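Residue numbers (our numbering): 1 to 252.
Accompanying notes for the structure given below.
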Amino acid sequence: MQRSVTTKEYLQEVDKQVKKAKRSTDQDRKARLNNAPKKPESVPVITTAYKRNPDVIVEVLKRANGSCEICHQPAPFLRASDLSPYLEVHHKVPLADGGDDTVENAVAVCPNCHREEHFGVQAKIVTAALIVDRGKILIAKRGKGMKLEGKWEFPGGKLEAGESLEECLKREIYEELGMQIDVLYHYDDSIYKYSDGVIRLMAYWAKWNSGEIKVKEHSEVKWINFADLSLYEFSPADVPFINSLQKIHLLF
């Protein structure tokens, strides 16, 4: 008879096997896929459910008024049963860890933020603008007193509550450099763990449309050729963009 496992044990085993699969070569993984059964085996999972107080749920949803209390964005869709904004009530201290089923210990969140609360790592969202003008790309040197002083970066900054990524980039570039830009489209992300936490650097192609460059926070800015990017010492989070950008420099 197959042993039952807890939900936590099941998820840990799945995560372990996924990490193992990631370490495989593409050839080995495809070979296993060719021989793998199409119907999965089943495993009995033991789970414990808590009797939720419906008044807590209603009060928290009422307080949220249709917007996620973490990302502050409107609920992503409407609930089929009653056409109300779809949000999920999440306990900040989980009930399984001894948390209270109270309004004070609960938040109404969108499905994306709910999954992040359970499975995500706290990462600071930072934007970077890849501003191209006449075939050259703009880079900026971090100024005195800034973290990683003296390192080069693609200008940008931290996302503030309620901002879209595009709004963040436009604001940061104007505040730091006095430039008005058009944000075109997403290029790539870079994940880096610094000593004080994880950042997710999200890079966007951008176009300079007005305003004179005024160096405020940085010590220096330069327009350089894509082929010369490797000649500069960039902040660790920016480094992953360098190789891929150099490969496409012929487009400019």
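Note that beta-carbon positions come from the ideal geometry of N, C-alpha and C, so glycine has one too.
Source: prediction; values computed, not measured.
With a contact defined as Cβ atoms closer than 8 Å, A140 and V239 miss out at about 15 Å. Between W208 and I181, the C-beta spacing is below 8 Å. I70 sits in coil when the DSSP states are folded into three classes, being neither helix nor strand. By the CB criterion at 8 Å, I242 and S230 fall inside the cutoff.
In this structure D133 is in contact with W223, their Cβ atoms being roughly 7 Å apart against a cut-off of 8 Å. By the neighbour-count definition (other C-beta atoms within 10 Å, threshold 16), H72 is an exposed residue.
By the Cβ test, the region 4-22 is in contact with the region 33-50, since at least three Cβ pairs between them sit closer than 8 Å. For K62, the secondary structure class from DSSP, reduced to helix, strand or coil, is helix. For E166, the uninterrupted alpha helix (DSSP H) segment begins and ends at L165 to L177. Fewer than three beta-carbon pairs drawn from the region 43-62 and the region 74-81 are found closer than 8 Å, and the two stretches are therefore not classed as touching. The beta carbon of L87 is closer than 7 Å to those of L61, A64, C68, A75, A108, V109 and C110 in its chain, skipping five residues each way along the sequence. Note: Y192 is bridge-paired with I199 in the DSSP secondary-structure output. The continuous beta strand (DSSP E) containing H90 extends over residues E88 to H91.
Of the other Cβ atoms in all chains shown, fewer than 16 fall within 10 Å of the Cβ of G211; this residue is therefore exposed.
Our two residues, D15 and G120, have alpha carbons roughly 13 Å apart in a direct line.
Judged by pairs of C-beta atoms under 8 Å, the region 148-155 touches the region 122-138, as three or more such pairs exist.
Per DSSP, L138 is one residue of the beta strand (DSSP E) stretching across K136 to K141. In chain order, K141 and G143 place their CB closer than 6 Å to the CB of S219, counting only its own chain and leaving out the 5 sequence neighbours on each side. Inter-residue distance for M146 and D228 is about 24 Å (C-alpha atoms, whole angstroms).
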